[in-house]
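*Asks:* In this note's numbering, the protein residues as written are 668 to 771.
Sharing a structure here in structure tokens format.
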């Protein structure tokens with residue numbers, strides 16, 4: 668029985684990591700769409716979709732139990748800094764994160 672609980676917890680952690688990674692990685696595309704005036708409606712729909720999918724996943728985890736919800740949430744929280752670090756390395760050193768600039 669403990670093996671089943673460990674595998675279930677690990678599964679929810681991996682689901683949370685995957686969902687958090689997709690959620691944060693899609694943020695880059697979302698920002699690019701927001702900067703283009705003709706694609707702003709698509710960006711708003713994408714933003715709502717990202718939050719609804721992540722919220723739906725966390726809702727399913729919560730319906731599965733408290734431990735499942737906590738493990739999935741931990742996965743989402745761990746994925747954010749990892750994905751941002753990877754994205755910063757891919758974008759290059761010329762882009763400063765946290766600096767404000769004009770939106771066109």
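Don't be surprised by glycine CBs; every beta carbon is placed ideally from N, CA and C.
#1: What is the residue span of the alpha helix (DSSP H) that residue 667 lies within?
#2: Could you give the DSSP three-state label for residue 723: helix, strand or coil?
#3: Return helix, strand or coil for residue 742, following the three-state DSSP convention.
#4: Are the CB atoms of residue 725 and residue 739 within a distance shorter than 9 angstroms?
#5: Who are the Cβ neighbours of residue 770 in its own chain at under 8 angstroms, not counting the five residues just before and after it?
#6: Could you have a look at residue 732 and say whether DSSP puts it in helix, strand or coil?
*Replies:* On the basis of the supplied data:
#1: This structure cannot settle anything about residue 667, because the visible part of the chain is limited to 668 through 771.
#2: helix
#3: helix
#4: yes
#5: Caution applies to residue 770, whose pLDDT of 45 falls short of 50 and renders its modelled position unreliable; the value that the coordinates give is listed next. Once the five neighbours on either side are set aside, the close Cβ partners of residue 770 are 701, 702.
#6: coil
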